[in-house]
Amino acid sequence: GQNIDQPTEMTATEGAIVQINCTYQTSGFNGLFWYQQHAGEAPTFLSYNVLDGLEEKGRFSSFLSRSKGYSYLLLKELQMKDSASYLCAVRVPGAGNMLTFGGGTRLMVKP
Amino acid sequence: DGGITQSPKYLFRKEGQNVTLSCEQNLNHDAMYWYRQDPGQGLRLIYYSQIVNDFQKGDIAEGYSVSREKKESFPLTVTSAQKNPTAFYLCASSSQGANEKLFFGSGTQLSVL
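Chains A and B, in that order, give the protein sequences.
According to the working numbering, the first sequence is numbered sequentially starting from 2.
According to the working numbering, the second sequence is numbered sequentially starting from 3.
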């Protein structure tokens, strides 16, 4: 089966930097996605990594190491509106192009 | 505007009743998906469809059924066989291709009366 692990909850302070880790063990790999989800709403796409390295997009960056089965999402200059769940998802080859999701990390940003 | 629409936003089911959740997309996407999300949990795949008139079971298909008669539509029926249906249901769609992201609808919260 597929296994994707993330911390359940994290807390950080407004203006700070936070790193949310994701480790995966899957039968193949066709890319890793990060989504943001506010409570009761649809997940929204943040980033996509398929090659090793860092992808930067404004305040958000995502890193991938395929050899280690590891990714992280880095959020800089935290704002209160960043309080949400962050979902790590892996695309496995030959599985209908679907994404397999981790349990999500609930981030609480405090003043 | 292109997008993916789910309805209703909230739905209540009585014992022994089947209910159907609607999902429509105008993004011209071939693939559509249904995920279930329990409180504080990640998303689990119920069913997916890569093309019209074809669909496959996901990890938790028992107690659910789907149809894909049109490219734009992928309704999900929660049958009476699903004994624990209370959850947040998310529909998604994507183009084919390994780098294609999923677009999600706004979800349906299903509760049991």
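Backbone N, C-alpha and C define an ideal beta-carbon position, used for all residues, glycine too.
These figures come from a predicted structure and were not determined experimentally.
Where residue i falls: helix, strand or coil (DSSP)
| i | result |
| --- | --- |
| K69/A | coil |
| M34/B | strand |
| K82/A | helix |
| F76/B | coil |
| Q19/B | coil |
| G105/A | coil |
| F30/A | coil |
| K11/B | coil |
is_contact[residue i, chain A] using C-beta, thresh 9 Å
| i | result |
| --- | --- |
| K96/B | Rather than Lys, the amino acid found at residue 96/B in this sequence is Ser. True, the Cβ-Cβ gap to chain A drops below 9 Å. |
| R70/B | no |
| Y35/B | yes |
| Y66/B | no |
| G60/B | yes |
Minimum Cβ-Cβ distance from residue i to chain B less than 9 Å
| i | result |
| --- | --- |
| F51/A | Note that residue 51/A is Val in the sequence shown here, rather than Phe. True, the Cβ-Cβ gap to chain B drops below 9 Å. |
| A90/A | yes |
| E42/A | yes |
| F46/A | yes |
| T24/A | no |
| N31/A | yes |
Beta-carbon contacts of residue i that lie in its chain and below 7 Å, excluding the five residues immediately before and after
| i | result |
| --- | --- |
| S72/A | C23, L33, N50, S63, F64, L65, C89 |
Within-9 Å CB hit, residue i to chain C
| i | result |
| --- | --- |
| M109/A | No chain C is present in this structure, whose protein chains are A and B. |
Beta-carbon contacts of residue i that lie in its chain and below 8 Å, excluding the five residues immediately before and after
| i | result |
| --- | --- |
| N55/B | R70, E71 |
Nonlocal neighbours in the same chain, by C-beta distance under 6 Å from residue i, ignoring five residues either side
| i | result |
| --- | --- |
| K103/B | none |
| R46/B | R38, D61, I62 |
Original post:
Is the region 13 to 29 of chain A touching the region 78 to 87 of chain A, taking contact as three or more C-beta pairs under 8 Å?
Top reply: Judged by Cβ distances under 8 Å, the region 13 to 29 of chain A makes contact with the region 78 to 87 of chain A, as three or more pairs qualify.
**OP:** Would you check if the region 13 to 25 of chain B and the region 40 to 50 of chain B touch, i.e. whether three or more CB-CB distances between them fall below 8 Å?
**Re:** At 8 Å Cβ cutoff, the stretches do not touch.
Subject >> Cβ pair count under 8 Å reaching 3, the region 103 to 114 of chain B against the region 7 to 16 of chain B >> reply: The answer is yes - the region 7 to 16 of chain B touches the region 103 to 114 of chain B, with three or more Cβ pairs under 8 Å.
Subject >> Contact set between the region 33 to 58 of chain B and chain A, restricted to residues whose Cβ is under 9 Å from the partner >> reply: Residues A33, Y35, Y37, Q39, G42, Q43, G44, L45, R46, L47, Y50, S51, Q52, Q58.
**OP:** May I ask you to list, following chain order, the residues of the region 72 to 105 of chain A that have a beta carbon less than 7 Å from some beta carbon of chain B?
**Re:** Cβ contacts with chain B: L88, R92, G97, N98, M99, L100, F102, G103, G104, G105.
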